[in-house]
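J.:
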Amino acid sequence: MTNMALDANEEPGQDNTPSTSTSAVADAGAPARPVNQHTRRNPPIAGEAEAIAKAQSGDARAFEDLYSLHKRRVYSLCLRMLGNVAEAEDLTQEAFLQLYRKIGTFRGDSAFSTWLHRLAVNVVLMHLRKKSLPLVSLEETLEPTQEDGPRKDLGARDLTLSGSIDRVTLERAVENLPPGYRLVFVLHDVEGYEHNEIAGMLDCSIGNSKSQLHKARMKLRDLLRSGQRKEAAL
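In terms of my numbering, the sequence shown opens at residue 1 and continues consecutively.
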């Protein structure tokens, strides 16, 4: 089996993973995504199908090829969910160990990268549960808190953040979200999972998921505004 250590020269944020966008921050609530959302976000990669078939037959070199194709995106996913480089590296390795054991169960019902990302998400969630960290705040509701200000229409677009925000700034702001907010934000706005899927993953209600996402976007806007004010003051 391949040595799956991440290259020390590889830095997070330099991959082709779909990045968070200002639309995710600006939208107080995104419309329902089409069924093939994950396939569109994670299209097949050239040579991937052949590597999968060979890896399922026990070809170690083919598994190395799959690792090379997907390691950066899995690492980016783990880092976004955890906000900790060391933990993200460890769980990236664990995700590929799980893949090595379970690749024979992949049947092609979804894109391979979608299936692999869900496996990685489950690895991260299991890690968080073992640490006894709450995945969501169960007292959260859709009612606004004082810090949120007046209740917004969750289907309306908020244009208070205009213009483009560079990817590095946005990634750093996401890393600074509270863990529960960051988790739901990454799963919904970055990975494209629906609220009913997230609720199943986190063992919470759909309402909790929607509330956490709404508050995550509010907090993210505050972090970005704060960063813009600091830059303007320099």
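By construction, the Cβ of each residue, glycine as well, lies at the ideal position given by its N, Cα and C atoms.
Quick check: the Cα distance between E50 and S226, rounded to an integer number of angstroms?
T.: In the sequence shown, counting from the first residue as 1, residue 50 sits at position 50. In the sequence shown, counting from the first residue as 1, residue 226 sits at position 226. Rounded to whole angstroms, E50 to S226 spans 48 Å at the Cα level.
J.: In three-state DSSP terms, what is P178?
T.: To locate residue 178, count along the sequence shown from 1; it is residue 178. Shown here, P178 sits in coil according to DSSP, grouped into three states, outside any helix or strand.
J.: Tell me which same chain residues have a C-beta within less than 7 Å of the C-beta of V124, skipping the five on either side of it?
T.: Along the sequence shown, read from residue 1 onward, the residue named residue 124 stands at position 124. The answer, listed in chain order, is C78, M81, L82 and L91.
J.: Do you know offhand how far R221's Cα is from L177's?
T.: Against the sequence shown, residue 221 aligns to sequence position 221. Against the sequence shown, residue 177 aligns to sequence position 177. Spanning the two alpha carbons is a distance of roughly 11 Å.
J.: Of all the options D203, V121, A62 and M201, which has the alpha carbon lying nearest to the alpha carbon of A95?
T.: Counted from its first residue, the sequence shown places residue 95 at position 95. Ranking the options by Cα distance to A95, first place goes to V121.
J.: Return the first residue and the last residue of the alpha helix (DSSP H) that I198 is part of.
T.: By one-based count along the sequence shown, residue 198 stands at place 198. Run containing I198: H195 to L202, per the alpha helix (DSSP H) assignment.
J.: If contacts are defined as beta-carbon pairs under 8 Å, then H70 and S113 qualify, I think. What distance do you get, rounded to the angstrom?
T.: Taking the first residue of the sequence shown as 1, we reach residue 70 at position 70. Taking the first residue of the sequence shown as 1, we reach residue 113 at position 113. Confirmed, Cβ separation roughly 6 Å.
J.: For K219, collect the residues of the same chain with a Cβ closer than 8 Å to its Cβ; drop the 5 residues on either side in sequence, then sort them by chain order.
T.: Residue mapping note: residue 219 aligns to position 219 of the sequence shown, counting from 1. So the list reads L177, P178 and Y181, once near-sequence residues are dropped.
J.: Taking 7 Å as the cut-off, decide whether the C-beta atoms of L119 and Q98 are in contact.
T.: Residue numbering aside, residue 119 sits at position 119 when the sequence shown is read from its first letter. Residue numbering aside, residue 98 sits at position 98 when the sequence shown is read from its first letter. It is a contact, given that the beta carbons lie within the stated cut-off.
J.: One question on the structure: do V184 and L213 come within less than 7 Å of each other, judged by their Cβ atoms?
T.: For the purposes of this step, residue 184 is identified with residue 184 of the sequence shown, where counting begins at 1. For the purposes of this step, residue 213 is identified with residue 213 of the sequence shown, where counting begins at 1. Cβ distance < 7 Å, so V184 and L213 count as in contact.
J.: Expressed to the nearest angstrom, what Euclidean distance is found between the alpha-carbon atoms of Y75 and F106?
T.: For the purposes of this step, residue 75 is identified with residue 75 of the sequence shown, where counting begins at 1. For the purposes of this step, residue 106 is identified with residue 106 of the sequence shown, where counting begins at 1. So the two alpha carbons sit approximately 21 Å from each other.
J.: Looking at the structure shown, is N122 part of a helix, part of a strand, or coil, going by DSSP?
T.: By 1-based counting over the sequence shown, the position of residue 122 is 122. Three-state result, N122: helix.
J.: I need the straight-line Cα distance from A46 to Y100, nearest angstrom please.
T.: Position 46 of the sequence shown, counted from the start, is the residue given in the question as residue 46. Position 100 of the sequence shown, counted from the start, is the residue given in the question as residue 100. Computed Cα separation, rounded: 20 Å.
J.: Alpha carbon to alpha carbon, what distance is there between L224 and I206?
T.: Your numbering for residue 206 matches position 206 in the sequence shown. Your numbering for residue 224 matches position 224 in the sequence shown. Taking the straight line joining both Cα atoms gives about 27 Å.
J.: So I103 packs on A55, CB below 8 Å; how close in whole Å?
T.: One-based indexing of the sequence shown puts residue 103 at position 103. One-based indexing of the sequence shown puts residue 55 at position 55. Yes, they are in contact, since the Cβ atoms of I103 and A55 sit about 5 Å apart, within 8 Å.
J.: Rounding to the nearest angstrom, what Cα-Cα distance links A199 and V85 in this structure?
T.: As a working note, residue 199 is residue 199 in the sequence shown. As a working note, residue 85 is residue 85 in the sequence shown. Distance between the alpha carbons of A199 and V85: 26 Å.
J.: Assuming contact is defined by CB atoms lying nearer than 7 Å, are H188 and K210 in contact in what I supplied?
T.: The count along the sequence shown starts at 1 and reaches residue 188 at position 188. The count along the sequence shown starts at 1 and reaches residue 210 at position 210. Cβ distance not < 7 Å, so H188 and K210 don't count as in contact.
J.: Just tell me which of A62, Y67 and A173 has its CA closest to the CA of A216.
T.: As a position in the sequence shown, residue 216 is number 216, starting the count at 1. Checked all of A62, Y67 and A173; the closest Cα to A216 is A173.
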